[in-house]
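Report on the structure given below.
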Amino acid sequence: MTQFITTGQFAKHLGRMRRLYRTRQHLLREAIATHFAAVPHQVRGGDSGMHLTVKLPHHYPDTQICAAAQAYDMAPAPLSRFALKPSRDDNGLVLGYGNTAEARISALIKRLALLTLSSGT
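Those letters in the sequence shown? Residues 50 to 170, by our numbering.
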């Protein structure tokens with residue numbers, strides 16, 4: 050490990066990972082803007098970490114959307130599960146992009162948007 054750090058390989062690795070995750074986040078933001086156009090939403094986060102939060106109006110139940118997404122091998126997390134005192138404002142999707150191939154992001158978000166639209170009441 051010492052050699053990995055002192056030879057500069059660790060810094061190179063960090064640079065590659067930053068570029069990779071920056072690209073994935075950019076693609077995710079673009080896909081959300083495109084495919085969630087018919088769904089009122091706000092994208093939050095992205096300054097750090099490897100996930101974005103998509104806030105949704107309460108009539109799009111996040112737990113229902115996330116459960117439906119599992120049938121398509123997606124694993125968004127319902128924002129409402131992270132609230133200490135859940136309220137109607139704590140509704141949305143937490144989307145990780147750390148292990149999602151760039152080529153799959155748009156198609157996955159398109160499917161998620163369709164699931165979201167169909168869940169709206």
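All residues carry an ideal CB built from backbone N, CA and C; glycine is no exception.
For residue i, the three-state DSSP class (helix, strand or coil)
i, result
"R137", "coil"
"A152", "helix"
"A117", "helix"
"D111", "helix"
"G64", "helix"
"D97", "Asp is not the amino acid found at residue 97; the sequence shown has Ser there. Coil, per DSSP."
Own chain, CB closer than 6 Å to residue i, minus 5 neighbours either side, in chain order
i, result
"R67", "none"
"H90", "V103, L105"
Proximity winner among the options, relative to residue i (alpha-carbon distances)
i, options, result
"S129", "L161, P110, A116, Y121", "P110"
"A150", "T56, L69, H108", "L69"
"A126", "R153, L161, K61", "L161"
"T170", "H107, A152, R137, A80", "H107"
"L76", "A120, F59, L101, L163", "L101"
"S167", "R153, A116, S136, R137", "A116"
"V143", "R71, R78, L63, A60", "R78"
Residue(s) in a DSSP beta bridge with residue i
i, result
"T83", "Looking at the DSSP assignment, T83 forms no beta bridge with any residue, so it has no partner."
"V92", "V103"
"P127", "L142"
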